């Protein structure tokens with residue numbers, strides 16, 4: 124049970140856990156955490172949280188075959204990353220890998236290859 128990570132708030136922890144559950148194929152646990160996150164409207168979200176949340180939503184949309192919404196979520200995610208905070212850049216390889224793989228599933232191989240080259 125993770126409830127504390129230095130320099131992170133509870134929504135950061137929940138979105139990280141939701142991403143892990145998603146990657147493990149635990150859709151019920153992913154949905155449960157997404158619902159918890161969305162009910163926490165009073166907390167001020169961090170840039171990393173917004174970035175990861177948008178990426179997670181993109182993965183969920185892609186899993187449902189809603190590739191247009193998935194692309195929009197991934198494009199929105201990269202805009203939310205705090206460019207002033209260079210420590211956020213550690214998340215970019217994961218982003219490009221997930222986005223590129225999603226584009227391949229959506230039969231957009233050309234853009235998928237371009238994105239994967241950034242990894």
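In our numbering, the protein residues as written are 124 to 242.
Glycine residues also receive a C-beta, built at the ideal position from the N, C-alpha and C atoms.
Remember, it's a predicted structure, so these values are computed and weren't measured experimentally.
In terms of Cβ geometry, residue 228 and residue 185 form a close pair [threshold 8 angstroms]. Here the region 213-222 lies against the region 176-183, with 3 or more beta-carbon pairs under 8 angstroms apart.
Your pair residue 170 and residue 209 does not check out as a contact, with CB atoms roughly 12 angstroms apart and the cut at 8 angstroms. The beta carbon of residue 219 sits closer than 7 angstroms to the beta carbons of 238, 239, 241, 242 from its chain, once the five residues preceding and following it are set aside; these are given in chain order. DSSP places residue 164 outside any alpha helix (DSSP H), giving it a letter other than H or E. Per DSSP, residue 213 lies in no alpha helix (DSSP H) and is assigned neither H nor E.
Excluding its 5 nearest sequence neighbours in each direction, residue 194 has no C-beta neighbour in its own chain below 7 angstroms. Sequence-distant Cβ neighbours of residue 159 in its own chain, meaning closer than 7 angstroms and more than five residues away, are 137. By the criterion of a C-beta distance shorter than 8 angstroms, residue 156 is surrounded in its chain by 137, 138, 140, 141, 144, once the five residues flanking it on both sides are discounted.
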